[in-house]
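Colleague: I am attaching a structure below and will ask some questions about it afterwards.
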Amino acid sequence: MMRQIHLFFLLFFLAFSLNTHALNETDTIINRHKRYLLQTNTVSREAAVKIMELFVEKTGRWSNIDYTDSTPAHWPSKDHLENIKALAVYFAMHHESSDTENFLNTIIRALDEWHKYKFKNPNWWHNEIGVPQLMKDILVLIREKVSGDRLKNYLEIVNQFRISGTGANLIWSSDIALFYGLFTGNKELIEKAVKNIVGEIRISDKEGLRPDYSFHQHGERLQMYQYGRVFLIDNVRLSWELLNTQWAFPKEKIDLLAGMFLNGWQWMARGINTIPETMDRSATRVNALKEADIRTHFPFFIEIAPRYKTELLAAKANQEGGAYTLKGFRGFPYSDFVTFHNSPYSFFLKTISTRTLPTESINYENLKGKPLNSGETYFIQDGTEYFNLMPVWNWDRLPGITSFDGAEKIDRKDFNGIITDGDIGMLAMDYRMIGKNYDTYISCKKAWFKINGYMVCLIGDMKLNNIDSAYTVIDQCRLKQYVFSNTGEIQKGFYRNLNEKWFYHNDFAYRPLYTSQFQLYADTVSGTWYDTNHSFSNDKVMDSVFMPSIVHAKTDQKSGYTVFFTQKKRKVKKITRNQPFVILQNDKDIQSISIAKNILLAAFYNKGQINFKKEMLVVEKPCLVLMKNNAIYVSDPTHKGISLNLQFNNKNYNVSLPVDGSTVKISL
Numbered sequence: 101m102m103r104q105i106h107l108f109f110l111l112f113f114l115a116f117s118l119n120t121h122a123l124n125e126t127d128t129i130i131n132r133h134k135r136y137l138l139q140t141n142t143v144s145r146e147a148a149v150k151i152m153e154l155f156v157e158k159t160g161r162w163s164n165i166d167y168t169d170s171t172p173a174h175w176p177s178k179d180h181l182e183n184i185k186a187l188a189v190y191f192a193m194h195h196e197s198s199d200t201e202n203f204l205n206t207i208i209r210a211l212d213e214w215h216k217y218k219f220k221n222p223n224w225w226h227n228e229i230g231v232p233q234l235m236k237d238i239l240v241l242i243r244e245k246v247s248g249d250r251l252k253n254y255l256e257i258v259n260q261f262r263i264s265g266t267g268a269n270l271i272w273s274s275d276i277a278l279f280y281g282l283f284t285g286n287k288e289l290i291e292k293a294v295k296n297i298v299g300e301i302r303i304s305d306k307e308g309l310r311p312d313y314s315f316h317q318h319g320e321r322l323q324m325y326q327y328g329r330v331f332l333i334d335n336v337r338l339s340w341e342l343l344n345t346q347w348a349f350p351k352e353k354i355d356l357l358a359g360m361f362l363n364g365w366q367w368m369a370r371g372i373n374t375i376p377e378t379m380d381r382s383a384t385r386v387n388a389l390k391e392a393d394i395r396t397h398f399p400f401f402i403e404i405a406p407r408y409k410t411e412l413l414a415a416k417a418n419q420e421g422g423a424y425t426l427k428g429f430r431g432f433p434y435s436d437f438v439t440f441h442n443s444p445y446s447f448f449l450k451t452i453s454t455r456t457l458p459t460e461s462i463n464y465e466n467l468k469g470k471p472l473n474s475g476e477t478y479f480i481q482d483g484t485e486y487f488n489l490m491p492v493w494n495w496d497r498l499p500g501i502t503s504f505d506g507a508e509k510i511d512r513k514d515f516n517g518i519i520t521d522g523d524i525g526m527l528a529m530d531y532r533m534i535g536k537n538y539d540t541y542i543s544c545k546k547a548w549f550k551i552n553g554y555m556v557c558l559i560g561d562m563k564l565n566n567i568d569s570a571y572t573v574i575d576q577c578r579l580k581q582y583v584f585s586n587t588g589e590i591q592k593g594f595y596r597n598l599n600e601k602w603f604y605h606n607d608f609a610y611r612p613l614y615t616s617q618f619q620l621y622a623d624t625v626s627g628t629w630y631d632t633n634h635s636f637s638n639d640k641v642m643d644s645v646f647m648p649s650i651v652h653a654k655t656d657q658k659s660g661y662t663v664f665f666t667q668k669k670r671k672v673k674k675i676t677r678n679q680p681f682v683i684l685q686n687d688k689d690i691q692s693i694s695i696a697k698n699i700l701l702a703a704f705y706n707k708g709q710i711n712f713k714k715e716m717l718v719v720e721k722p723c724l725v726l727m728k729n730n731a732i733y734v735s736d737p738t739h740k741g742i743s744l745n746l747q748f749n750n751k752n753y754n755v756s757l758p759v760d761g762s763t764v765k766i767s768l
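Residue 762 in our numbering is what sits at position 662 of the sequence shown, and the numbering runs on without skipping anything.
See below:
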């Protein structure tokens with residue numbers, strides 16, 4: 101009998117201890133989330149007072165919010181909760197001050213109003229994710245001040261979540277479920293939510309994190325700094341909040357998050373500055389091109405992943421504007437995207453194929469962005485080059501694209517590939533921009549080579565069908581200071597027929613590789629954010645752009661240009677005379693250049709051969725080839741996974757090329 105009593109008390113004590121431990125962990129997680137919110141959100145007294153001044157106590161609403169506006173993207177009514185969250189942050193930071201009681205009273209009055217009317221939007225995301233997410237954060241910030249029926253009422257709003265979706269959507273909904281479980285003591289829900297979150301941190305064959313560490317959502321669309329931002333930041337936060345609890349993330353999941361940042365995220369931006377194509381439709385939101393900024397999150401990242409501390413601190417320094425240390429060429433074959441970084445500037449190129457999707461326009465966003473992913477190129481030094489230019493851009497003349505007046509969309513083709521050794525590289529594609537009818541188009545073979553300080557673009561096998569002329573836009577960036585050419589300084593204006601040998605602007609020289617006619621627009625432009633995204637203002641925006649273009653005549657068969665960096669204008673003439681590359685071929689079969697007689701880059705659109713180092717390089721199938729030092733690098737631009745027979749210097753090499761288009765190295 102005594103033994104049974106002893107066993108009973110032992111089991112009771114064990115159950116009590118486990119329950120107490122679980123409760124302690126619940127408090128730990130919620131308190132960590134509060135600490136996270138206070139470290140990543142700053143609300144000044146001035147900002148808090150301004151929010152208070154616009155609040156109408158009688159109605160429980162803000163006077164500057166239109167509660168009848170149901171815009172699906174930026175829903176004005178959600179600003180009601182955003183205001184409450186800002187006041188809650190300020191209250192939590194200054195709760196010991198004598199005058200914060202007024203802030204708390206406003207928070208409670210506004211929350212009661214939201215609960216009373218339970219505002220809804222036609223866009224499901226706000227109702228199931230956006231609203232409960234904000235309510236979750238608000239409750240974490242003020243939970244010591246709310247209890248009883250009020251707490252129950254507010255938790256009803258959090259409980260609007262529905263665990264569903266993939267990628268960022270699943271992380272969002274599971275995150276809300278996790279905290280609802282923590283608030284209500286529902287351990288089963290907590291475990292289900294954590295299981296969903298941890299399970300989604302994986303290399304995906306569809307949406308989510310891809311094998312090359314790019315991020316897709318809404319199909320095969322690159323969404324690194326939109327949905328991918330949620331995926332990375334929320335998972336880093338959750339991993340930190342769950343650290344050393346029974347729900348802690350496994351090491352391999354943290355390794356994947358570190359891999360996403362170090363091998364993907366930091367390469368797709370220069371510090372905190374990125375380009376529109378890395379975030380799809382959300383690029384048309386104000387300040388969107390700064391969404392690569394995670395400076396406030398590095399302390400959490402380093403704490404969960406201390407083995408990556410050195411690399412993360414280097415990335416942090418790059419984001420904080422120190423000496424830029426990221427260097428090299430990186431290809432993302434799952435996203436038809438390449439980047440190049442060195443100390444003075446970064447280069448970005450986004451294209452499309454049958455394996456990736458065009459940009460999307462939903463919820464009245466990205467209303468002019470149809471040409472995106474058509475071979476745009478960007479050159480960034482300090483991030484001001486393209487930042488917030490979206491309302492004034494000529495969207496039919498995005499930087500880098502080859503098109504014509506009346507063009508409708510780019511035709512997606514199989515042949516689109518990348519090859520690199522990590523230092524230099526190339527992307528080549530079968531290119532066709534079409535009009536409303538498929539018999540109106542410009543088609544060509546188009547290849548971009550990034551070597552040392554040069555970007556070389558070759559356009560071959562050019563055909564204009566049912567159009568008289570076309571154009572290639574070399575750049576469309578913010579106009580800074582002055583523009584020079586080989587004939588002298590060029591004043592502001594629009595020049596339709598120029599035969600310049602080169603242009604120089606903002607430390608970059610732009611030079612045609614064939615006899616070409618130029619157009620140049622270097623002047624003021626205007627537009628509105630509303631025209632590109634109905635969530636924003638219809639007020640007129642003024643700016644200035646620099647936009648040089650090459651004009652293609654119907655008889656032209658080939659074209660091309662190079663862009664190179666130099667901070668000294670007086671050196672441009674000398675550099676153009678001593679370019680380090682030679683064009684070997686630029687036609688329907690091969691596009692190729694050599695550098696310093698010991699490097700070859702070639703796109704073979706058919707089986708073929710080319711002379712290099714007094715030897716013949718022969719390939720039996722379409723492929724991309726890079727020869728450098730004592731190695732040959734090969735990739736399959738069709739992503740079919742071919743077996744290739746290659747011959748050089750009378751030696752045969754048989755290589756199996758991966759279906760994902762990645763580069764294979766052959767040692768000679």
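From the three backbone atoms N, C-alpha and C, an ideal C-beta is built for every residue, glycine too.
Just so you know, these numbers come straight off a predicted model, no measurement behind them.
Return yes when the Cβ of Gly-560 is within less than 9 Å of the Cβ of Lys-669, no when it is not.
Modeller: Numbered from its first residue, the sequence shown carries residue 669 at position 569. Numbered from its first residue, the sequence shown carries residue 560 at position 460. Cβ distance not < 9 Å, so Lys-669 and Gly-560 don't count as in contact.
Colleague: Count the CB pairs spanning the stretch 709-717 and the stretch 734-745 that are closer than 8 Å, and state whether there are at least three.
Modeller: no
Colleague: Alpha carbon to alpha carbon, what distance is there between Trp-548 and Leu-757?
Modeller: Numbered from its first residue, the sequence shown carries residue 757 at position 657. Numbered from its first residue, the sequence shown carries residue 548 at position 448. Approximately 21 Å between the Cα atoms of the pair.
Colleague: Could you check which residue in Lys-697, Pro-350, Ser-144 has the C-alpha nearest to that of Ile-297?
Modeller: As a working note, residue 297 is residue 197 in the sequence shown. Taking only the C-alpha atoms, the option nearest Ile-297 is Pro-350.
Colleague: Using DSSP with H/G/I as helix, E/B as strand and the rest coil, what is His-397?
Modeller: For the purposes of this step, residue 397 is identified with residue 297 of the sequence shown, where counting begins at 1. His-397: helix per DSSP, three-state reduction.
Colleague: Which of the three DSSP states, helix, strand or coil, is assigned to Gln-233?
Modeller: Numbered from its first residue, the sequence shown carries residue 233 at position 133. Here Gln-233 sits in helix by DSSP.
Colleague: Note down the Cα distance separating Glu-465 from Thr-459, rounded to an integer number of angstroms.
Modeller: By one-based count along the sequence shown, residue 465 stands at place 365. By one-based count along the sequence shown, residue 459 stands at place 359. Approximately 11 Å, taken between the alpha carbons.
Colleague: Can you list, in chain order, the residues of its chain whose CB lies under 7 Å from that of Asn-565, leaving out five sequence neighbours each side?
Modeller: Residue mapping note: residue 565 aligns to position 465 of the sequence shown, counting from 1. Excluding sequence neighbours, Asn-565 sits near Asp-539, Thr-540, Tyr-541.
Colleague: Grab me the residues of Ile-354's own chain with a C-beta within less than 7 Å of its C-beta, minus the 5 sequence neighbours each way, in chain order.
Modeller: In the sequence shown, residue 354 corresponds to position 254, counting from 1. Closer than 7 Å at the Cβ level, and outside the excluded window around Ile-354, lie Ser-339, Ile-404, Ala-405.
Colleague: Hey, out of Lys-550, Ser-453, Ile-551, whose CA is closest to Asn-516's CA?
Modeller: Counting from one through the sequence shown, the residue named residue 516 turns up at place 416. Asn-516 has its Cα closest to that of Ser-453, out of Lys-550, Ser-453, Ile-551.
Colleague: Closer than 8 Å by C-beta to His-316: which residues in its own chain qualify, once you throw out the five before and the five after it? Chain order, please.
Modeller: Here residue 316 refers to the residue found at position 216 when the sequence shown is read from its first residue. The answer, listed in chain order, is Gly-267, Ser-304, Lys-306, Glu-307, Gly-308, Arg-310, Leu-322, Gln-323, Tyr-434, Ser-435.
Colleague: Quick one: measure Cβ to Cβ for Thr-502 and Lys-546, integer angstroms, because I've assumed they're closer than 8 Å.
Modeller: Working through the sequence shown from its first residue, we reach residue 502 at position 402. Working through the sequence shown from its first residue, we reach residue 546 at position 446. For Thr-502 against Lys-546, the beta-carbon gap comes to about 7 Å, under 8 Å, which counts as contact.
Colleague: For Gly-364, count neighbouring Cβ atoms within 10 angstroms of its own Cβ and tell me buried if that reaches 16, exposed if not.
Modeller: Along the sequence shown, one-based indexing puts residue 364 at 264. Classification for Gly-364: buried.
Colleague: Here's the rule: buried if 16 or more other CB atoms are within 10 angstroms of the residue's CB, otherwise exposed. What is Gln-591?
Modeller: The residue you call residue 591 lines up with position 491 of the sequence shown. By the neighbour-count rule (16 or more Cβ atoms within 10 Å), Gln-591 is not buried but exposed.
Colleague: Counting Cβ pairs closer than 8 Å, one from the stretch 324-331 and one from the stretch 288-297, do we hit at least three?
Modeller: no
Colleague: Can you name the residues that DSSP bridges to Gln-617?
Modeller: In the sequence shown, residue 617 corresponds to position 517, counting from 1. Bridge pairing for Gln-617: Val-651 [DSSP].
Colleague: Spell out a yes or no on whether the stretch 244-258 and the stretch 213-233 are touching, meaning 3 or more CB-CB pairs, one atom from each, closer than 8 Å.
Modeller: Yes: at least three Cβ pairs fall under 8 Å.
Colleague: Since Ser-616 and Ser-659 are thought to touch, with beta carbons under 8 Å apart, how far apart are those beta carbons, to the nearest angstrom?
Modeller: The sequence position of residue 616 within the sequence shown is 516, counting from 1. The sequence position of residue 659 within the sequence shown is 559, counting from 1. Confirmed, Cβ separation roughly 6 Å.
Colleague: Can you look up Ala-328 in the DSSP assignment and give me helix, strand or coil?
Modeller: The sequence position of residue 328 within the sequence shown is 228, counting from 1. For the sequence presented, residue 328 should be read as Gly rather than Ala. Gly-328 falls in the helix class under three-state DSSP.
Colleague: Asp-482 lies in the beta strand (DSSP E); which residues open and close that run?
Modeller: Within the sequence shown, numbered from 1, the residue matching residue 482 stands at position 382. Element bounds for Asp-482: n/a, residue is neither H nor E.
Colleague: Can you tell me which of the three DSSP states Gly-160 falls into?
Modeller: Against the sequence shown, residue 160 aligns to sequence position 60. Reduced to three states, the DSSP call for Gly-160 is coil.
Colleague: Are the CB atoms of Ile-271 and Glu-300 nearer to each other than 9 Å?
Modeller: Along the sequence shown, one-based indexing puts residue 271 at 171. Along the sequence shown, one-based indexing puts residue 300 at 200. Yes.
Colleague: Can you grab the Cα-Cα spacing for the pair Leu-746 / Ile-510, in whole Å?
Modeller: Residue mapping note: residue 746 aligns to position 646 of the sequence shown, counting from 1. Residue mapping note: residue 510 aligns to position 410 of the sequence shown, counting from 1. Using only the alpha carbons, I get a separation of about 32 Å.
Colleague: Between Gly-525 and Gly-428, what straight-line distance do the alpha-carbon atoms span, to the nearest angstrom?
Modeller: For the purposes of this step, residue 525 is taken as the residue at position 425 of the sequence shown. For the purposes of this step, residue 428 is taken as the residue at position 328 of the sequence shown. The straight-line gap from Cα to Cα measures roughly 9 Å.
Colleague: Based on the DSSP output, what are the partners of Pro-612 in its beta bridges?
Modeller: Residue mapping note: residue 612 aligns to position 512 of the sequence shown, counting from 1. For Pro-612, which the question treats as bridged, DSSP gives the partners Tyr-661.
Colleague: Helix or strand or just coil, what does DSSP make of Leu-342?
Modeller: Locating residue 342 in the sequence shown gives position 242, where the first residue counts as 1. Correct three-state label for Leu-342: coil.
Colleague: Taking C-alpha atoms, which residue in Ile-263, Glu-589, Thr-451, Val-156 lies nearest to Asn-473?
Modeller: Counted from its first residue, the sequence shown places residue 473 at position 373. Selected option, being the one with the closest Cα: Thr-451.
Colleague: Just tell me which of Arg-250, Met-379, Arg-407, Tyr-424 has its CA closest to the CA of Arg-329.
Modeller: Walking along the sequence shown from the start, residue 329 turns up at place 229. The candidate whose alpha carbon is nearest that of Arg-329 is Met-379.
Colleague: I need the straight-line Cα distance from His-180 to Tyr-478, nearest angstrom please.
Modeller: The sequence position of residue 180 within the sequence shown is 80, counting from 1. The sequence position of residue 478 within the sequence shown is 378, counting from 1. So the alpha carbons of these two residues sit roughly 38 Å apart.
Colleague: Once the 5 residues before and after Ile-402 are set aside, which same chain residues still bring their CB inside 8 Å of it?
Modeller: Here residue 402 refers to the residue found at position 302 of the sequence shown. Tyr-408, Lys-409, Leu-412, Leu-413, listed in sequence order.
Colleague: What residues are listed by DSSP as bridge partners for Ala-731?
Modeller: Residue 731 sits at position 631 when you count from the first residue of the sequence shown. Lys-728, Ser-767, per the DSSP bridge assignment.
Colleague: What are the start and end residues of the beta strand (DSSP E) that includes Leu-181?
Modeller: Translated into the one-based positions of the sequence shown, residue 181 becomes position 81. No beta strand (DSSP E) holds Leu-181; the alpha helix (DSSP H) holding it covers 178-193.
Colleague: Which residue marks the beginning of the alpha helix (DSSP H) containing Gly-267, and which one marks its end?
Modeller: For the purposes of this step, residue 267 is taken as residue 167 along the sequence shown, with counting starting at 1. Looking at the DSSP string, the run of the alpha helix (DSSP H) that includes Gly-267 is 267-284.
Colleague: According to DSSP, simplified to helix, strand and coil, what is Ser-197?
Modeller: Numbered from its first residue, the sequence shown carries residue 197 at position 97. It is coil, neither helix nor strand.
Colleague: Is it the case that the Cβ atoms of Ile-480 and Ser-446 are separated by a distance below 9 Å?
Modeller: Taking the first residue of the sequence shown as position 1, residue 480 is located at position 380. Taking the first residue of the sequence shown as position 1, residue 446 is located at position 346. Yes, they are a contact pair.
Colleague: Can you grab the Cα-Cα spacing for the pair Gly-500 / Trp-162, in whole Å?
Modeller: The residue you call residue 500 lines up with position 400 of the sequence shown. The residue you call residue 162 lines up with position 62 of the sequence shown. Those two C-alpha atoms are separated by around 45 Å.
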